[in-house]
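Peer 1: Numbering of the sequence shown is given in this note's numbering, commencing with residue 370 and proceeding in unit increments. Note that CB positions come from ideal geometry on N, CA and C, so glycine has one too. Sharing a structure with you now.
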Amino acid sequence: MARVTVEDCASRIPNLFTLVLVAAKRARQLSNGAVTALDRENDKSTVLALREIAEGKVGEEVLTQPDGPKPVLVEEPAAFPDSFAVVETDEGF
């Protein structure tokens, strides 16, 4: 896994503000399940996004693309086991 530097990416996107926006947007897309042309090599989405920029696989066009599907939050039922039962006692509580 080669180290990615800002200089590698700045040669593709010279405006550093735009570079940050592109990298963040692409990392978000990758986190939401976007397909990459590169081998992930156990890289996190942020590193993979920078590698894609450095290799010229993505550029400023990313800013006009949607982030992709949002993760769906699933509400789970209450965490009470079915084995709870009401027990009557003579203690008068």
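#1: What did DSSP end up calling residue 387 once you bin it into helix, strand or coil?
#2: Express the C-alpha separation of residue 402 and residue 395 in angstroms, rounding to a whole number.
#3: Taking residue 430 as the reference, which of 418, 399, 391 and 417 has the closest Cα?
#4: Return the CA-CA distance between residue 424 and residue 444, expressed in angstroms with no decimal places.
#5: Assign residue 418 to one of two classes, buried (16 or more other C-beta atoms within 10 Å of its C-beta) or exposed (fewer than that).
Peer 2: Straight from the coordinates:
#1: As a position in the sequence shown, residue 387 is number 18, starting the count at 1. Look at residue 387 here: in three-state DSSP terms it is helix.
#2: Position 26 of the sequence shown holds residue 395. Position 33 of the sequence shown holds residue 402. Rounded to the nearest whole angstrom, the CA to CA distance from residue 395 to residue 402 is 11 Å.
#3: Stepping through the sequence shown from its first residue, residue 430 is reached at position 61. Taking only the C-alpha atoms, the option nearest residue 430 is 391.
#4: Taking the sequence shown and counting its residues from 1, the one referred to as residue 424 is at position 55. Taking the sequence shown and counting its residues from 1, the one referred to as residue 444 is at position 75. The C-alpha of residue 444 is placed about 41 Å away from the C-alpha of residue 424.
#5: Numbered from 1 along the sequence shown, position 49 holds the residue referred to as residue 418. Classification of residue 418: buried, given that the 10 Å Cβ count is 16 or more.
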